[in-house]
Amino acid sequence: MPYLLPPKTDTQRLNFLRTAAQSTALDYGNKLEYISLDTFKELEAFLPQFDEAFLDVANTFGELDREVVERDEALDKLKQYLDDMWEVVRRRVARNGEPVGVLRFYYLEPDGTEPQPDSLEGWFDLAEKVIAGDGDAAEAGYDTAVCPTTAELQAVLDAARREAADVVPADEAYDRAQAAIEAMRAQANELIDDVLDELRFHLRKEEAASQRRIMRTYGAKFGYRPGEPRDMDDVEE
Numbered sequence: 064m065p066y067l068l069p070p071k072t073d074t075q076r077l078n079f080l081r082t083a084a085q086s087t088a089l090d091y092g093n094k095l096e097y098i099s100l101d102t103f104k105e106l107e108a109f110l111p112q113f114d115e116a117f118l119d120v121a122n123t124f125g126e127l128d129r130e131v132v133e134r135d136e137a138l139d140k141l142k143q144y145l146d147d148m149w150e151v152v153r154r155r156v157a158r159n160g161e162p163v164g165v166l167r168f169y170y171l172e173p174d175g176t177e178p179q180p181d182s183l184e185g186w187f188d189l190a191e192k193v194i195a196g197d198g199d200a201a202e203a204g205y206d207t208a209v210c211p212t213t214a215e216l217q218a219v220l221d222a223a224r225r226e227a228a229d230v231v232p233a234d235e236a237y238d239r240a241q242a243a244i245e246a247m248r249a250q251a252n253e254l255i256d257d258v259l260d261e262l263r264f265h266l267r268k269e270e271a272a273s274q275r276r277i278m279r280t281y282g283a284k285f286g287y288r289p290g291e292p293r294d295m296d297d298v299e300e
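The numbering of the sequence shown is the working numbering, which starts it at 64 and goes up by one.
This is the structure we're talking about:
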């Protein structure tokens, strides 16, 4: 016997409620009342609110995702600028026979090994230290870095910090949107249960297959056990 699959996600909840409201209106036009008027009014009142909350989650997630991508791209650019500066400094030290201690101004190990921070702020702090270290190297009588210069590295660092800062409000907006729809789920589930209960009551004298067929027009989904044939009207998605 096929079994009911209640909506488990917000997408499924919204699709069920939309379909139930549409089918109720159509059946009212055909003098069929599987769903009470009170429940239908609740559907009509609740749907726009749930729809708006659902779209807000989708929109804020899209904005957060965009900001995260931009932050990560800016961080990658910062890492590339640091790599380029380190490579130029390593080559210059080797070419000019400068002491390996010069590498320490740029936070490189004596063998040229690069540091690998494990956090966003770690990379920002490292870039600031490298910029300051270049100034210390100049005071010690060594050439300043070129390709990129510290001014160019500073500009990239500033841009990366701005992109990172943009993630914070986007993340907070997404959290608020999630909290808003979470607060509505209980009511959505209750409405879904009401619709299903009323359908079962009004269809109780119908054949089981007919009950499922009509319930599907209201958004209900059914599962099947292994080897069990699908209902003729149940198109596999």
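We put the CB at the ideal spot given by N, CA and C, even for glycine. A quick note: this is a predicted structure, and the numbers were derived from the prediction, not measured.
Would you say Val230 faces chain B, with C-beta separation under 7 Å as the test? Looking at the structure shown, chain B is missing, and only one protein chain is on hand.
Report yes if the CB atom of Ile194 is closer than 7 Å to the CB atom of Thr213, and no otherwise. yes
C-beta contact flag for Val120 and Ala240 at 7 Å: yes
Is the Cβ-Cβ distance between Leu110 and Leu141 less than 7 Å? no
Inter-residue spacing [alpha-carbon to alpha-carbon] between Val163 and Gly185: 24 Å
With a CB to CB cut of under 6 Å and the five nearest residues on each side skipped, what residues in its chain are close to Met278? Leu262
Distance, Glu235 Cα to Tyr170 Cα: 35 Å
DSSP on Leu266, reduced to helix/strand/coil? coil
In terms of residues, what are the limits of the alpha helix (DSSP H) holding Tyr169? First-last for Tyr169: undefined, no H or E at that position.
Cβ atoms of Val219 and Tyr144: under 7 Å apart, would you say? yes
In angstroms, rounded to a whole number, what distance separates the CA positions of Ala283 and Leu68? 7 Å
Three-way DSSP call (helix, strand, coil) for Gly286 in this model: strand
Between the alpha carbons of Asp114 and Asp199, how many angstroms are there, rounded? 59 Å
Pair every Cβ in the segment 118–136 with every Cβ in the segment 222–230, then say whether three or more of these pairs are closer than 8 Å. yes
Going by the CB atoms, is the gap between Gly175 and Arg153 shorter than 7 Å? yes
Decide if Leu118 is buried, meaning its Cβ has at least 16 other Cβ atoms within 10 Å, or exposed. exposed
Opposite Tyr66 in the DSSP bridges: which residues? Gly286
So Arg134 packs on Phe187, CB below 8 Å; how close in whole Å? Not really, about 11 Å apart at Cβ, beyond 8 Å.
Just to confirm, is the Cβ distance from Lys286 to Tyr66 under 7 Å? It is Gly, not Lys, that sits at residue 286 in the sequence shown. Yes, the pair counts as a contact, with Cβ atoms nearer than the cut-off.
Compare the Cα-Cα distances from Asn78 to each of Glu215, Asp139, Ala251 and report the closest residue. Ala251
Alpha helix (DSSP H) segments (min. 4 residues) lying fully within the segment 65–133: 73–92
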